[in-house]
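See below for the structure under consideration.
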Amino acid sequence: MPRFVHDTASAIRLARAGGGAVGVWPSRAPSDLAPRARTAGVPLVRIEDGFIRSAGLGAQCHAPASIVLDRAGVHFDPSAPSDLEKLLTDGCFAPSLLKRADRLVRQIVDLGVTKYNLGGDAPCKALLESTGRRTVLVVGQVEDDLSVRLGGAGVAGNLDLLRRARAAEPGSLILYRPHPDVEAGHRKGLLSDHEAMRHADHVVRGQALPALLARVDAVHVLTSLTGFEALLRGREVVTHGQPFYAGWGLTRDLAPPPRRGRRLSLAELAAAALILYPRYIDPRSGEPCSPEALVARLGHPTASRPALLPWFRGRLGKARLGLSRLRLASGQAASA
Numbered sequence: 023m024p025r026f027v028h029d030t031a032s033a034i035r036l037a038r039a040g041g042g043a044v045g046v047w048p049s050r051a052p053s054d055l056a057p058r059a060r061t062a063g064v065p066l067v068r069i070e071d072g073f074i075r076s077a078g079l080g081a082q083c084h085a086p087a088s089i090v091l092d093r094a095g096v097h098f099d100p101s102a103p104s105d106l107e108k109l110l111t112d113g114c115f116a117p118s119l120l121k122r123a124d125r126l127v128r129q130i131v132d133l134g135v136t137k138y139n140l141g142g143d144a145p146c147k148a149l150l151e152s153t154g155r156r157t158v159l160v161v162g163q164v165e166d167d168l169s170v171r172l173g174g175a176g177v178a179g180n181l182d183l184l185r186r187a188r189a190a191e192p193g194s195l196i197l198y199r200p201h202p203d204v205e206a207g208h209r210k211g212l213l214s215d216h217e218a219m220r221h222a223d224h225v226v227r228g229q230a231l232p233a234l235l236a237r238v239d240a241v242h243v244l245t246s247l248t249g250f251e252a253l254l255r256g257r258e259v260v261t262h263g264q265p266f267y268a269g270w271g272l273t274r275d276l277a278p279p280p281r282r283g284r285r286l287s288l289a290e291l292a293a294a295a296l297i298l299y300p301r302y303i304d305p306r307s308g309e310p311c312s313p314e315a316l317v318a319r320l321g322h323p324t325a326s327r328p329a330l331l332p333w334f335r336g337r338l339g340k341a342r343l344g345l346s347r348l349r350l351a352s353g354q355a356a357s358a
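Going by my numbering, the sequence shown opens with residue 23, and the numbers climb by one from there.
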């Protein structure tokens, strides 16, 4: 079992003594950890959520059912290669692996599995039918998320992303979907509907993401994993930032990432990102499992009593969200 410590010196001392490595979540890493680990000759491993995570938000304390351990970098930082980028650049994908990846993608799509599996309502038919216009989904994000800060390619938040999407799609019907952590009141990036609809035609919330993706023609993202989930479902994806799935010939990249250029199939991307890169655990038994087993578990959820901590976090988020909306409304009233 890993040892848990709360300071850089203890982590490096224990790793050196045991001939091991220091594992850290990049968002919680002390600023002196990387240089001191290099000086001490101690490997540093970045820990992050996998791309099929849980039945609920991490910000509401739902435990992850998958993680990645990256010794080279981190998949959302395009400034340096990660283990995932190395797999995608240099990996040899056996035919049997690609067949498995194809089956896994079909399983994910058929069961409607996403990263957080939040559920929700089906999209309004009146909204997505009978318009005759190209329909584009723009995906909001947590504005201070590390993936946005490191891979955002100069886009200044959700309002700027919407503005750029409208400029690229002047005649399209644009739907804006706020990030669920932001809507839950846990993270930064809230836009009022008035602000969003300066560039969007509708703000969509409370709707199941798989059903929504099935009804749109294209998805515009900054670094959101929704772009990857849209690729799995055969949608056109336009990237304004530099996510891990950009630069391989599967997306239209407005800020192409450095180094990448190999042309990959969707099966190759899925094989690396969903089979080779993450580690999975069955949320019911606590035992290691395959991605197929986790997808089956998340695709057939069983009802359970909510745990106290996620319940409390949900209540706290609602309170924060109410205060944020009051501040936005007050600011708009003052400017008027």
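By construction, the Cβ of each residue, glycine as well, lies at the ideal position given by its N, Cα and C atoms.
Same chain, Cβ closer than 6 Å to residue i, five either side skipped, listed in chain order
i	result
W47	I69
A268	T261, D275 and P279
A33	V27 and V44
D92	R68, S104 and D105
A87	S76, I303, P305 and L316
T30	P52, D54, L55 and R58
L110	A294
S49	L168
D166	K210
Assigned exposure category for residue i - 16 Cβ within 10 Å defines buried
i	result
P24	exposed
G63	exposed
R319	buried
H216	exposed
R281	exposed
P65	exposed
A37	buried
S194	buried
R335	Because the pLDDT at R335 is just 47, under 50, the model does not fix this residue reliably, and the point stays unresolved.
R122	buried
A252	buried
Proximal residues to residue i (C-beta, below 8 Å), its chain only, five neighbours per side dropped
i	result
P202	L79, Y138 and L140
P310	R301, Y302, I303 and D304
G134	A230, P232, A233 and G321
R35	none
E191	R156, V158, A240 and H242
A236	R255
Inter-residue spacing [alpha-carbon to alpha-carbon] between residue i and residue j
i	j	result
L288	L168	26 Å
S53	D132	43 Å
L231	L212	19 Å
K210	P117	43 Å
A189	V170	21 Å
A85	F98	21 Å
T157	S312	35 Å
A59	G40	14 Å
V226	I196	10 Å
S214	V160	15 Å
R155	G308	47 Å
F115	E290	7 Å
V238	Y198	12 Å
F250	P323	23 Å
V90	D71	6 Å
P100	T245	11 Å
V177	T61	35 Å
D182	D124	36 Å
G179	G283	27 Å
G42	A187	46 Å
A102	H224	37 Å
Whole-Å CB distance - residue i paired with residue j, under 8 Å assumed
i	j	result
L119	A295	No, L119 and A295 are not in contact; Cβ-Cβ is about 13 Å, not under 8 Å.
V164	V204	6 Å
G142	Q229	5 Å
P200	G162	4 Å
L286	L272	7 Å
Cβ shell of residue i (< 7 Å), same chain only, five flanking positions each side left out
i	result
E314	L126 and Q129
L247	F73 and K137
G113	A294
A277	A175, H262, G263 and Q264
L359	The structure shown has nothing for residue 359, since the chain only spans 23 to 358.
K108	A94
*Mind the definition here: the segment 217 to 224 touches the segment 238 to 256 only if three or more C-beta pairs lie below 8 Å; say whether that holds.*
no
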